[in-house]
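Written out below as structure tokens is the structure these notes cover.
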Amino acid sequence: LGVAIRHIKSQGAGSRKEETDLTFAGFLLFLDPPKDGVMETLAALAHRGITVKVISGDNRYVTAHLADALGLRADRIMTGEDLSKLTKSGLFAGVQQTDLFVEID
């Protein structure tokens with residue numbers, strides 16, 4: 005998350021005008037690691053022949069990184085935008101070829 009600053013005179017309701025001429029101050033980074041036991045659960049599902057599909061509102065890069073860290077396929081990705089353009093038959097075919105559904109609104 006990017007952080008920027010600008011000194012303003014009033015403390016009333018903000019406006020879009022106040023969102024200009026900002027000075028970049030830095031980034032805030034967040035870490036949300038997988039919960040304990042996730043690797044074991046995913047391994048148990050795979051052992052039973054169950055394929056895991058991930059649906060996330062996060063962007064493709066964050067989701068792919070997490071999937072890769074968990075040992076899931078991170079190369080078969082479909083965005084929410086792409087998903088919204090599919091026909092019903094295209095959706096059924098796409099689900100078979102996709103493991104990560106990302107940027108879902």
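Sequential numbering from 5 applies to the sequence shown in our numbering. Glycine included, C-beta positions come from ideal geometry on N, C-alpha and C. Since the structure is predicted, the reported quantities are computational estimates derived from the model, not experimental observations.
Open item on the list: Given a cut-off of 8 Å on the beta-carbon distance, is the pair Ile59 and Phe96 in contact?
Closed with: no
Open item on the list: Report the CB separation of Leu90 from Gly98 in whole angstroms; it is logged as a contact under 8 Å.
Closed with: 6 Å
- [ ] Just mark Met43 as buried or exposed, buried being the case when its beta carbon has 16 or more other beta carbons within 10 Å.
- [x] exposed
Task: Neighbourhood of Arg64 by C-beta, 8 Å cutoff - its chain only, sequence neighbours within 5 removed - done: Ile81, Thr83, Leu104, Val106, Glu107
Task: alpha helix (DSSP H) runs contained entirely in the stretch 49 to 101, provided each spans 4 or more residues - done: 64 to 73, 84 to 88, 92 to 100
TODO: Please work out which residues of its chain come closer than 8 Å, Cβ to Cβ, to Thr102, disregarding the five sequence neighbours upstream and downstream, and give them in chain order.
DONE: Lys57, Arg80, Ile81, Met82
Task: Backbone CA spacing between Arg52 and Glu23 [nearest angstrom] - done: 53 Å
TODO: Could you please give the first and the last residue of the uninterrupted beta strand (DSSP E) stretch that includes Phe105?
DONE: 104 to 106
Task: Pick from Leu35, His11, Ala71 that is closest to Lys21, judged by C-alpha positions - done: His11
Task: Where Thr24 sits in the DSSP three-state scheme - done: coil
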